[in-house]
Amino acid sequence: MRKILVTSLFFGTLGLGCPVSLVAEPSEAPSKQAPAAQAPAAQAPAAQAPAAQAPFAVIDSVTISAEAFQQAVRSGMKQRFYHGAPPEGEVAKFQREIGETLVDRVLLVLEAKKRGLKPDQESIQKTIAEYDKRYGASESYKANRETMIKPLIGELEDRSLIDQLQAQVRMVNPPSLAAVKAFYDANPDKFTEPEDIEVSLILLKVDPSAGPEAWDTASQEANAIVAKLKEGADFAELARIHSADASAEKGGKMDYLHKGMLATEAEEALAKIKPGETTEAIMVLEGYAIFRLDKRSPPRKVSYEEAKERATALLQRETADKALSELKAKLRRSTPLHINEAYYMPLPKQ
3 MRKILVTSLF FGTLGLGCPV SLVAEPSEAP SKQAPAAQAP AAQAPAAQAP
53 AAQAPFAVID SVTISAEAFQ QAVRSGMKQR FYHGAPPEGE VAKFQREIGE
103 TLVDRVLLVL EAKKRGLKPD QESIQKTIAE YDKRYGASES YKANRETMIK
153 PLIGELEDRS LIDQLQAQVR MVNPPSLAAV KAFYDANPDK FTEPEDIEVS
203 LILLKVDPSA GPEAWDTASQ EANAIVAKLK EGADFAELAR IHSADASAEK
253 GGKMDYLHKG MLATEAEEAL AKIKPGETTE AIMVLEGYAI FRLDKRSPPR
303 KVSYEEAKER ATALLQRETA DKALSELKAK LRRSTPLHIN EAYYMPLPKQ
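The opening residue of the sequence shown carries number 3 in this note's numbering; numbering runs sequentially from there.
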């Protein structure tokens with residue numbers, strides 16, 4: 003039985019927790035049935051391993067070891083959730099996401115080899131040289147270089163094959179004008195500009211670390227400005243005098259804004275007023291803010307002529323994505339494949 007090295011898609015900085023695992027490429031075709039395994043505990047961050055460390059997956063002649071899967075999950079968890087506790091129910095879904103990604107990776111590498119694709123060795127050697135340059139002064143790197151470089155080369159070769167195959171599969175013909183027009187008509191949300199608003203701002207800044215007294219003082223000052231505005235005072239003049247925002251020199255006038263660009267409290271207050279009206283003082287992260295709504299422009303659907311170039315690019319990308327998805331589905335149907343789902347935690351009940 004020949005040993006090969008397979009690494010996960012979550013290959014981190016070389017030498018720092020690199021999730022590289024040995025997997026076996028058996029000389030005989032794998033059995034379709036995996037050994038029986040105990041169901042994983044629901045509360046655990048990862049499923050309990052089945053007895054005798056049965057492999058996680060067998061894809062044609064390639065076996066993904068339990069260790070490879072578990073290391074990929076651990077590495078991916080750190081990247082997705084950092085070091086915090088993942089939300090309840092997310093771990094089980096995430097395990098499946100990692101598992102599917104690892105299986106797809108092997109399927110694509112096998113397919114690339116069947117098509118006669120070869121790793122780009124020149125690019126791989128350039129990457130190795132970059133690692134040598136970056137870590138060459140490290141005594142740990144010097145001592146372990148040969149041990150680390152071998153799996154890294156295997157990882158880079160796999161990536162090169164996958165990149166070439168994906169580029170080949172995604173090389174679809176440009177869509178016809180009729181197809182682009184149909185795509186434009188069927189997806190109005192993709193070609194509609196969101197509502198625009200023009201606002202002016204008076205901001206009384208407060209240091210976030212300041213005590214309650216500073217916030218109370220700013221609140222009182224902001225309420226006094228609101229009272230002056232209600233009595234007819236000029237907003238632009240008060241902005242130049244009191245506002246700490248960069249817009250003060252323009253009388254508080256800000257650029258066009260889309261939904262989501264302001265604090266939720268500010269957006270909710272602006273949604274309730276008409277052009278020319280001002281909000282009450284609103285507590286925001288930077289202090290207290292007073293807004294005037296100057297103009298509200300409703301959502302606008304971009305004309306086909308304006309959107310044609312973007313619609314063409316979107317449709318071509320969608321077609322390329324579909325071609326790649328169809329290839330993965332075809333490979334799953336045509337390749338001997340078994341995933342030992344005993345390594346997955348149970349999905350939460352709906």
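Yeah, the Cβ is synthetic: ideal placement off N, Cα and C, and Gly gets one too. Being a predicted model, the structure only gives us computed values, none of them experimental.
Of the residues the options, the one placed nearest residue i, counting alpha carbons only
i       : options                            : result
Lys-252 : Ile-199, Leu-240, Thr-219, Ala-325 : Leu-240
Leu-287 : Ala-212, Gly-101, Tyr-137, Glu-102 : Ala-212
Pro-350 : Ala-68, Lys-303, Ser-67, Arg-98    : Arg-98
Leu-154 : Leu-206, Ile-130, Tyr-143, Tyr-258 : Ile-130
Ile-61  : Tyr-345, Met-347, Ser-336, Ser-249 : Ser-336
Glu-69  : Gln-55, Glu-195, Leu-326           : Gln-55
Val-304 : Asp-187, Leu-259, Ala-273          : Asp-187
Ala-181 : His-340, Ala-322, Thr-314          : Thr-314
Asp-257 : Thr-321, Lys-297, Gly-118, Gly-138 : Lys-297
Ala-331 : Val-75, Asn-189, Val-105           : Val-105
Lys-183 : Glu-307, Ala-235, Ala-169          : Glu-307
Lys-207 : Lys-232, Ala-291, Glu-124, Arg-147 : Ala-291
Ile-164 : Glu-148, Glu-124, Leu-119, Ala-139 : Leu-119
Glu-159 : Asp-134, Gln-127, Lys-144, Val-171 : Gln-127
Ile-151 : Asp-134, Ser-140, Ala-139, Glu-141 : Asp-134
Met-173 : His-340, Ala-325, Pro-338, Leu-339 : Ala-325
Thr-281 : Phe-237, Val-108, Glu-320          : Phe-237
Gly-234 : Lys-274, Ala-250, Pro-89, Glu-279  : Glu-279
Asp-323 : Lys-232, Asn-175, Asn-146          : Asn-175
Ser-299 : Ser-67, Ser-327, Glu-195           : Glu-195
Leu-179 : Glu-215, Glu-320, Glu-311          : Glu-311
Residues bridged to residue i (per DSSP)
i       : result
Ile-353 : As displayed, the chain neither begins before 3 nor continues past 352, which places residue 353 out of reach and without an answer.
Leu-295 : Val-201
Gly-289 : Lys-207, Val-286
Leu-259 : Ile-199
Ile-341 : Ala-59
Thr-194 : Lys-303
Thr-280 : Arg-294
Buried versus exposed, by CB contacts within 10 Å (16 or more), residue i
i       : result
Thr-266 : exposed
Asn-342 : buried
Ile-199 : buried
Ala-31  : In this prediction, Ala-31 has a pLDDT of 38, which is less than 50 and means its spatial position is unreliable; nothing more can be read from the coordinates.
Ile-243 : exposed
Ser-162 : buried
Met-79  : buried
Ala-248 : exposed
Ala-46  : Confidence at Ala-46 is low in this model, with a pLDDT of 39, below 50, so the placement of that residue is unreliable and no value is reported for it.
Asp-191 : exposed
Tyr-345 : buried
Pro-57  : buried
Ala-226 : exposed
Ser-23  : Here Ser-23 scores only 34 on pLDDT, less than 50, and its place in the model should not be relied on; the value that follows carries that caveat. By the neighbour-count rule (16 or more Cβ atoms within 10 Å), Ser-23 is buried.
Thr-65  : buried
Leu-109 : buried
Ala-309 : buried
Gln-72  : buried
Gly-138 : exposed
Ser-77  : buried
Gly-262 : exposed
Phe-193 : buried
Lys-144 : exposed
Ala-250 : buried
Ala-268 : buried
Arg-136 : exposed
Proximity of residue i and residue j at Cβ, strictly below 7 angstroms
i       : j       : result
Phe-293 : Leu-167 : no
Gln-318 : Pro-177 : yes
Pro-301 : Glu-197 : yes
Met-285 : Ala-94  : no
Pro-277 : Leu-295 : yes
Ala-246 : Leu-205 : yes
Ala-169 : Val-228 : no
Leu-333 : Glu-113 : yes
Val-201 : Leu-329 : no
Ala-74  : Ile-100 : yes
Gly-156 : Ala-220 : no
The ligand COA heavy atom lying under 6 angstroms from the CB of residue i
i       : result
Val-108 : No copy of the ligand COA appears in this structure; indeed no ligand is present at all.
Practice task
Tell me the start and end of each unbroken beta strand (DSSP E) in the stretch 64-128 that is at least 3 residues and wholly inside, in chain order.
Solution key: Taking only runs of at least 3 residues, the beta strand (DSSP E) segments lying wholly in the stretch 64-128 are 64-66.
Exercise for the section: Note down, one range per segment and in chain order, each alpha helix (DSSP H) of at least 4 residues found wholly within the stretch 132-175. Expected result: Within the stretch 132-175, the alpha helix (DSSP H) runs of at least 4 residues that lie entirely inside it are, in chain order, 141-171.
Handout entry: Whole runs of the alpha helix (DSSP H) within the stretch 219-272, excluding any shorter than 4 residues
Key = Listed in chain order, they are 237-244.
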